[in-house]
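Q: In order, the protein sequence lines correspond to chains A and B. Plus 22 on top of the position in the first sequence (first one is 1) and you've got the working numbering. Plus 1099 on top of the position in the second sequence (first one is 1) and you've got the working numbering. Ideal Cβ placement from N, Cα and C applies to all residues, glycine included.
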Amino acid sequence: GAVVSQHPSWVICKSGTSVKIECRSLDFQATTMFWYRQFPKQSLMLMATSNEGSKATYEQGVEKDKFLINHASLTLSTLTVTSAHPEDSSFYICSAPFQGGGSDTQYFGPGTRLTVL
Amino acid sequence: GQQVMQIPQYQHVQEGEDFTTYCNSSTTLSNIQWYKQRPGGHPVFLIQLVKSGEVKKQKRLTFQFGEAKKNSSLHITATQTTDVGTYFCAGPGYLDTGRRALTFGSGTRLQVQP
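(1) What whole-angstrom Cβ distance do S31 of chain A and P132 of chain A have, given they're in contact under 8 Å?
(2) Are any of the Cβ atoms in chain B nearer than 8 Å to that of S112 of chain A?
(3) Within 10 angstroms of the Cβ of L86 of chain A, are there 16 or more other Cβ atoms? Answer buried if so, exposed if not.
(4) Report, in whole angstroms, the separation of the C-beta atoms of T102 of chain A and S47 of chain A, which I expect to be a contact under 8 Å.
(5) Return the bridge partner residues of G83 of chain A from the DSSP annotation.
(6) Take Q1110 of chain B and list the residues in its own chain whose beta-carbon comes closer than 8 Å to its own, dropping the five residues that flank it on each side.
(7) Can you pull out the residues from the segment 1167-1185 of chain B whose beta carbon lies closer than 8 Å to at least one beta carbon of chain A?
(8) At a CB-CB cut-off below 7 Å, which residues of chain B make contact with G131 of chain A?
(9) Report the partner residues of G1190 of chain B according to the DSSP bridge assignment.
(10) How would you call Q1212 of chain B, buried or exposed, if buried means at least 16 neighbouring beta carbons within 10 angstroms?
(11) What's the C-alpha gap between T1178 of chain B and L1160 of chain B?
(12) For S1205 of chain B, return the contacting residues in chain A, with the cut-off set at a CB-CB distance below 7 Å.
(13) Taking the beta strand (DSSP E) that N1130 of chain B belongs to, which residues open and close that run?
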């Protein structure tokens, strides 16, 4: 089946630094990818929609200047957490819709665990 | 906005016992999906239900979609330790752009005692 990869799988950084997370669709094209954030023992919350060829769409309460999203190609979206702080520590997961599995179903990447010291 | 709630939040069962999680949406859904997330892992798609009153089975798992398409349930018969994880229901939500993301339920964390 289709696969979505994420890199890195985990990262530890100092407060104030920026971290880039990559999301790739490995054997299918994705004009849209979604970025979710999950805090411990909580559900997944949609942060933004990454759109190939246009600006990302951010959910209410998500700072677009802090979470920079770039959909560079039909198989790659990146999320950059700028000037990271400890409260940004979370599990970041991307997903991409796939065809053939029913409408709206999505493949999820393995996630990136970010720890900001 | 759309809200999707699940109960219970957590359930601890003995291996071999049955387990059920319930999902309720504040709005009518065109379809509902179920995902399983193992501890430390990412959500994995289990199934999608589309029709009102639909029932689907996957081995020991039975999924139901309510007649009003606002609620759903997942029932596991004779749980095994491999069933451990958090089960999420999710419904599609239209964003302003017309693109569809998923609104996830709050999840039910299942622990199975051997």
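A: Per the coordinate set shown:
(1) 6 Å
(2) no
(3) Position check: residue 86 of chain A holds Lys in this sequence, whereas Leu was assumed. Exposed: under 16 other Cβ atoms inside 10 Å.
(4) That belief does not hold up - the Cβ atoms of T102 of chain A and S47 of chain A are roughly 19 Å apart, past 8 Å.
(5) Per DSSP, none; premise fails for G83 of chain A.
(6) F1118, T1120, T1207, R1208, L1209, Q1210
(7) none
(8) H1141
(9) B:T1202
(10) exposed
(11) 9 Å
(12) S65
(13) Careful: N1130 of chain B lies outside any beta strand (DSSP E) and carries neither H nor E.
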